[in-house]
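This report concerns only the one structure given below.
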Amino acid sequence: MAMQTKWTKRTILDKMQQVGLMPVVRASSPAQAVRLARAIAAGGVTVLEVTMTVPGALEALRTLVKENPELLIGAGTVLDPETARTCILEGAQFIVSPGTNVRTIEMCNRYTVPSLPGALTPTEVITAWEAGADVVKVFPASAMGGAKYIKSLKAPLPQIEMIPTGGVSLASAKEFLEAGSFALGVGADLADTTAIDEGRDADVTATARKYMEIIAEFRAGL
Numbered sequence: 000m001a002m003q004t005k006w007t008k009r010t011i012l013d014k015m016q017q018v019g020l021m022p023v024v025r026a027s028s029p030a031q032a033v034r035l036a037r038a039i040a041a042g043g044v045t046v047l048e049v050t051m052t053v054p055g056a057l058e059a060l061r062t063l064v065k066e067n068p069e070l071l072i073g074a075g076t077v078l079d080p081e082t083a084r085t086c087i088l089e090g091a092q093f094i095v096s097p098g099t100n101v102r103t104i105e106m107c108n109r110y111t112v113p114s115l116p117g118a119l120t121p122t123e124v125i126t127a128w129e130a131g132a133d134v135v136k137v138f139p140a141s142a143m144g145g146a147k148y149i150k151s152l153k154a155p156l157p158q159i160e161m162i163p164t165g166g167v168s169l170a171s172a173k174e175f176l177e178a179g180s181f182a183l184g185v186g187a188d189l190a191d192t193t194a195i196d197e198g199r200d201a202d203v204t205a206t207a208r209k210y211m212e213i214i215a216e217f218r219a220g221l
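Per numbering that gives the first Met the number 0, the sequence shown starts with residue 0, numbered consecutively.
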């Protein structure tokens, strides 16, 4: 078991906010997931989510936690408390879900690991937060109008931290940040498996750098 102790819950959340970007790593094999994660990390993105939809996802998680201790590695697409516990014991430093499962949130809190459940409507966002979520993943954000929807949710719920996922791209990143996002959840626009398969790891790294530049420019303008 590879359970990590060097990060506290607070330092993990602070790091997420500081980096401002949480790439969603989906891949067809553990090796591809690891390579994709490392290509993204080379661009300065040190927070990554490995989804449980990756065949052999735990192997990828284990490898990254062990061999890349400088990275903050979380488990994504976690649907139940049993999977959450397994991921935490393998070293996952935060747990992300596409929806809200209260028992999964409770499991994360038992292990003092940040929980980022998915929600979409105001009622779902409040339910997740009241159940103990640290940050609510608003998914799929683009289907509800993108950054404008995040801004609409944040107006009555400023105390709830939100990470939009689904439809975040280089073109829309600044708008999502302006809407009050805690950080940005980004998928295929950055985590490009085709580029990895074709040996264009440097392209993935370059895209990661562009995202970090947008975040830096946004903060410099505040």
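A virtual CB, placed ideally from N, CA and C, is assigned to each residue, including glycine.
Write down the C-beta distance between residue i and residue j rounded to the nearest angstrom, noting that I regard them as a contact closer than 8 Å.
{"i": "Ala-118", "j": "Val-124", "result": "5 Å"}
{"i": "Lys-153", "j": "Gly-179", "result": "4 Å"}
{"i": "Val-167", "j": "Val-185", "result": "5 Å"}
{"i": "Ile-72", "j": "Leu-189", "result": "The pair is not a contact, with the Cβ atoms about 16 Å apart (cut-off 8 Å)."}
{"i": "Leu-70", "j": "Leu-63", "result": "6 Å"}
{"i": "Val-46", "j": "Lys-14", "result": "6 Å"}
{"i": "Asp-200", "j": "Arg-34", "result": "7 Å"}
{"i": "Gln-31", "j": "Thr-192", "result": "6 Å"}
Could you check if residue i is buried or exposed, using at least 16 other CB atoms within 10 Å of its CB as the buried criterion?
{"i": "Ser-96", "result": "buried"}
{"i": "Asp-196", "result": "exposed"}
{"i": "Leu-20", "result": "buried"}
{"i": "Thr-206", "result": "buried"}
{"i": "Glu-66", "result": "exposed"}
{"i": "Lys-5", "result": "exposed"}
{"i": "Gln-92", "result": "buried"}
{"i": "Ala-142", "result": "exposed"}
{"i": "Gly-165", "result": "buried"}
{"i": "Ala-219", "result": "exposed"}
{"i": "Ala-215", "result": "exposed"}
Give every residue of the same chain whose Cβ lies closer than 7 Å to the Cβ of residue i, excluding the five residues on either side of it in the sequence, and list them in chain order.
{"i": "Val-101", "result": "Ala-130"}
{"i": "Thr-82", "result": "Met-51"}
{"i": "Lys-173", "result": "Ile-213 and Phe-217"}
{"i": "Arg-208", "result": "Gly-42 and Gly-43"}
{"i": "Ser-171", "result": "Gly-145 and Ala-146"}
{"i": "Leu-78", "result": "Ser-96 and Asn-100"}
Cutting at 6 Å between CB atoms, please list the residues of its own chain near residue i, excluding the five before and the five after it.
{"i": "Ala-146", "result": "Glu-174, Phe-175 and Ala-178"}
{"i": "Pro-29", "result": "Gly-55, Glu-58 and Ala-59"}
{"i": "Gln-48", "result": "According to the sequence displayed, residue 48 carries Glu and not Gln. Hits under 6 Å: Met-21, Val-23, Gly-73, Gly-75 and Val-95."}
{"i": "Ile-162", "result": "Val-134, Lys-136, Phe-181, Ala-182 and Gly-184"}
{"i": "Arg-84", "result": "Met-106"}
Can you find the residues in the same chain that come closer than 8 Å, C-beta to C-beta, to residue i, ignoring five residues on each side of it along the sequence?
{"i": "Ile-104", "result": "Ser-114, Pro-116, Ala-127, Ala-130, Gly-131 and Ala-132"}
With a cut-off of 9 Å, does the C-beta of residue i fall near any C-beta of chain B?
{"i": "Glu-212", "result": "Protein chains in the displayed structure number just one, and chain B is not present."}
- Item | Sequence ranges, alpha helix (DSSP H) only - wholly within the stretch 83-131, length at least 4 | Within the stretch 83-131, complete alpha helix (DSSP H) segments of at least 4 residues are found at 101-109 and 121-129, given in chain order.
- Runs of alpha helix (DSSP H) lying entirely within the stretch 14-49, each at least 4 residues, in chain order: Entirely contained in the stretch 14-49, the alpha helix (DSSP H) runs reaching 4 residues are, in chain order, 29-40.
- Fully enclosed by the stretch 52-79, which alpha helix (DSSP H) runs are 4 residues long or longer? For the stretch 52-79, the full-length alpha helix (DSSP H) segments reaching 4 residues or more read 56-66 along the chain.
- In chain order, which continuous runs of the beta strand (DSSP E) of length 3 or greater are located wholly inside the stretch 135-176? The stretch 135-176 contains these whole beta strand (DSSP E) runs: 135-137 and 161-163.
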